[in-house]
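Data block below; observations after.
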Amino acid sequence: EDQVTQSPEALRLQEGESSSLNCSYTVSGLRGLFWYRQDPGKGPEFLFTLYSAGEEKEKERLKATLTKKESFLHITAPKPEDSATYLCAVQAEGNKLVFGAGTILRVKS
Amino acid sequence: DAGVTQSPTHLIKTRGQQVTLRCSPKSGHDTVSWYQQALGQGPQFIFQYYEEEERQRGNFPDRFSGHQFPNYSSELNVNALLLGDSALYLCASARTGAHGYTFGSGTRLTVV
Chain A
-9 EDQVTQSPEA LRLQEGESSS LNCSYTVSGL RGLFWYRQDP GKGPEFLFTL
41 YSAGEEKEKE RLKATLTKKE SFLHITAPKP EDSATYLCAV QAEGNKLVFG
91 AGTILRVKS
Chain B
1350 DAGVTQSPTH LIKTRGQQVT LRCSPKSGHD TVSWYQQALG QGPQFIFQYY
1400 EEEERQRGNF PDRFSGHQFP NYSSELNVNA LLLGDSALYL CASARTGAHG
1450 YTFGSGTRLT VV
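These protein sequences, in sequence, are chains A and B.
In this text, residue positions in the first sequence follow our numbering: the first is -9, and each later residue adds one.
In this text, residue positions in the second sequence follow our numbering: the first is 1350, and each later residue adds one.
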């Protein structure tokens, strides 16, 4: 069964304190790994898609990497506006996305 | 360019009632998927529609049904509502053959 596990469940950082979020997955036939940001009461906002091991993508203070078993979302020098829930999902057989439970990030100034 | 539009934004229903949620996909998108997100959890896949047919379904009972119209918009229907159906219902659209889904802001359903 396709499964996604995210850790930690919650993370508190001081502004400027860099860290990483983890997404471990098991899937038969990975068609893509997605990172989304979700603000309270809103829908997920697309950040990155990764397709193969070794691939990396960057956007502002965020960098996503992918191995055969996990993905990391690195946050460099975070700001309070980076506070959100970060969701990881894999696209498995068919087109459905299988999501992890998310990591709640709080950045304090 | 409007993204994915969902209505209503909030809804309160009584246990046993029926509810219909609506979704208009992003311009140029022809595939619509529905997800249920319980509080503190990641979204769970309900089903996907393409060319007005249900193409894939998650582990949800038959009380959950849907429809896609010729203009690609979609409806999610839930019958015999249970307290456990309280959640944020998300619609996501995509263009066939392209990777990546755009999500709407969701409909917050509360069953009392």
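C-beta atoms are modelled at their ideal positions from N, C-alpha and C, and glycine is treated no differently.
Bear in mind the structure is a predicted one, so any value in this text is a computation, not a measurement.
Supposed close pair Ala1441 (chain B), Ser1382 (chain B) - CB separation, criterion 8 Å: Within the second sequence, residue 1441 (chain B) is the residue found at index 92, counting from 1. Within the second sequence, residue 1382 (chain B) is the residue found at index 33, counting from 1. 5 Å between Cβ atoms; contact.
What is the rounded straight-line gap between the Cα of Asn12 (chain A) and the Cα of Leu1 (chain A)? As a first step, residue 12 (chain A) is located in the first sequence; it is residue number 22 there, counting from the start. As a first step, residue 1 (chain A) is located in the first sequence; it is residue number 11 there, counting from the start. Going by the C-alpha atoms only, they are around 11 Å apart.
Could you list the residues in the region -3 to 21 of chain A with a C-beta less than 8 Å from some C-beta on chain B, going in chain order? Arg21
Minimum C-alpha distance to Asp29 (chain A) - residue among A:Glu7, A:Pro70, A:Ser10 and A:Val88: Your numbering for residue 29 (chain A) matches position 39 in the first sequence. Selection A:Glu7, A:Pro70, A:Ser10 and A:Val88 evaluated against Asp29 (chain A) yields A:Pro70 as nearest (Cα-Cα).
Sequence-distant residues of its chain with Cβ nearer than 6 Å to Ser(-3) (chain A) (five each side left out): Here residue -3 (chain A) refers to the residue found at position 7 when the first sequence is read from its first residue. Closer than 6 Å at Cβ, skipping near neighbours: Asn12.
Might you give, ordered along the chain, the residues of its own chain that have their beta carbon closer than 8 Å to the beta carbon of Tyr1450 (chain B), omitting 5 neighbours on each side? Taking the first residue of the second sequence as 1, we reach residue 1450 (chain B) at position 101. Listed in chain order, the non-local C-beta contacts of Tyr1450 (chain B) below 8 Å within the same chain comprise Ser1382, Ala1441, Ser1442 and Ala1443, local neighbours out to five positions each way being set aside.
Can you tell me which of B:Pro1392, B:Gly1389, B:Ser1423 and B:Gly1391 puts its alpha carbon nearest to the alpha carbon of Glu1402 (chain B)? Indexing the second sequence from 1 puts residue 1402 (chain B) at position 53. By alpha-carbon distance to Glu1402 (chain B), the top candidate from B:Pro1392, B:Gly1389, B:Ser1423 and B:Gly1391 is B:Ser1423.
At a Cβ threshold of 8 Å, is Ser1454 (chain B) touching chain A? One-based indexing of the second sequence puts residue 1454 (chain B) at position 105. Taking Cβ atoms only, chain A reaches closer than 8 Å to Ser1454 (chain B), which makes this a yes.
Taking Cβ-Cβ distances shorter than 9 Å, what residues in chain A pair up with Phe1390 (chain B)? Along the second sequence, read from residue 1 onward, the residue named residue 1390 (chain B) stands at position 41. Looking at the sequence shown, residue 1390 (chain B) is not Phe but Gln. Result: Phe89, Ala91 and Gly92.
Checking 8 Å against the spacing of the C-beta atoms, do Leu23 (chain A) and Leu56 (chain A) come in under that value? As a first step, residue 23 (chain A) is located in the first sequence; it is residue number 33 there, counting from the start. As a first step, residue 56 (chain A) is located in the first sequence; it is residue number 66 there, counting from the start. Yes, the Cβ-Cβ distance between Leu23 (chain A) and Leu56 (chain A) is below 8 Å.
Among A:Ser10, A:Glu(-9), A:Thr(-5) and A:Leu3, nearest to Ile65 (chain A) - alpha-carbon criterion: Along the first sequence, one-based indexing puts residue 65 (chain A) at 75. Comparing Cα positions, the closest option is A:Ser10.
Between Arg1457 (chain B) and Thr1358 (chain B), how many whole angstroms is the CB-CB distance? I'm expecting something under 8 Å. Translated into positions along the second sequence, residue 1457 (chain B) becomes position 108. Translated into positions along the second sequence, residue 1358 (chain B) becomes position 9. Indeed they touch by this definition, with Cβ atoms about 7 Å apart.
How would you label Lys86 (chain A), buried or exposed, when you count the other beta carbons within 10 angstroms and need 16 or more for buried? On the first sequence, position 96 is the one that residue 86 (chain A) refers to. Buried is the call here.
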